[in-house]
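Trainee:
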Amino acid sequence: MKLSYAFTSPINPASASHKLTRAQVWAGLMHKSRDPLRFVPAIAECEVLEESAEGLTRMVTFKPGTGPPGRVKETVVFKREVRADFEMVGLGTTISNIISAGEGESDLYLTFTFNWNFPDIQEGTQEAVEKVQQLERMAKEAVMLTIKQIREMVRA
Numbered sequence: 019m020k021l022s023y024a025f026t027s028p029i030n031p032a033s034a035s036h037k038l039t040r041a042q043v044w045a046g047l048m049h050k051s052r053d054p055l056r057f058v059p060a061i062a063e064c065e066v067l068e069e070s071a072e073g074l075t076r077m078v079t080f081k082p083g084t085g086p087p088g089r090v091k092e093t094v095v096f097k098r099e100v101r102a103d104f105e106m107v108g109l110g111t112t113i114s115n116i117i118s119a120g121e122g123e124s125d126l127y128l129t130f131t132f133n134w135n136f137p138d139i140q141e142g143t144q145e146a147v148e149k150v151q152q153l154e155r156m157a158k159e160a161v162m163l164t165i166k167q168i169r170e171m172v173r174a
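Just so you know, we're using the working numbering here: the sequence shown kicks off at 19 and counts up by one.
1. Taking 8 Å as the threshold, find out whether the region 104-112 comes into contact with the region 125-136 through three or more Cβ pairs.
2. Could you give the residue range of the alpha helix (DSSP H) that holds A34?
3. Closest to A102 by CA distance: which of L67, G46, M162, P137 is it?
4. On the criterion of 16 or more Cβ atoms from any shown chain inside 10 Å, does S33 qualify as buried, or is it exposed?
5. Can you give me the C-alpha to C-alpha distance between A174 and S51, rounded to a whole angstrom?
6. Who pairs with E123 in a beta bridge, going by DSSP?
7. Whose CA, out of A60, V43, H36, lies closest to the CA of E159?
8. What is the rounded straight-line gap between the Cα of Q167 and the Cα of R40?
9. What is the rounded straight-line gap between the Cα of K97 and the Cα of E72?
10. Measuring straight from C-alpha to C-alpha, what distance separates E63 and R56?
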């Protein structure tokens with residue numbers, strides 16, 4: 019089964035205690051790509067294997083039931099303060115973290131897009147329905163937690 023999903027949240031809602039800039043959010047996404055544990059509850063371990071200005075390669079271990087079993091090699095490609103693209107090598111799963119602008123100066127949005135591949139799950143089954151619900155919850159949680167963690171990092 020293949021599943022695509024995207025979730026977007028405003029970075030600077032009216033209730034935000036501190037308005038974040040694009041540069042601050044980008045710095046937070048760069049930190050998240052190197053050390054994702056405080057941003058992505060599904061990840062148990064991460065080891066960066068190599069890094070350049072264009073991206074990095076890392077080995078990730080997911081908590082049981084939240085991602086592929088074992089260590090997963092991921093490549094991350096940075097796209098100049100706009101986008102970070104994550105690919106689980108050989109698994110057919112990709113994730114993008116995108117910063118987009120609105121009309122106002124501090125009107126920024128964070129979108130995570132997900133293209134998951136679950137070859138062992140049959141579409142239309144109860145297992146598929148439950149997996150979709152789980153992933154939609156995880157996607158929303160990941161975006162909201164990322165914004166929260168970046169805001170806390172900037173305040174510190």
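Just so it is clear, CB atoms sit at the ideal spot from N, CA and C, and this is done for glycine as well.
Mentor: Reading off the structure:
1. yes
2. Here A34 belongs to no alpha helix (DSSP H), and DSSP marks it neither H nor E.
3. G46
4. exposed
5. 20 Å
6. Bridge partners of E123: none, in fact.
7. A60
8. 15 Å
9. 7 Å
10. 11 Å
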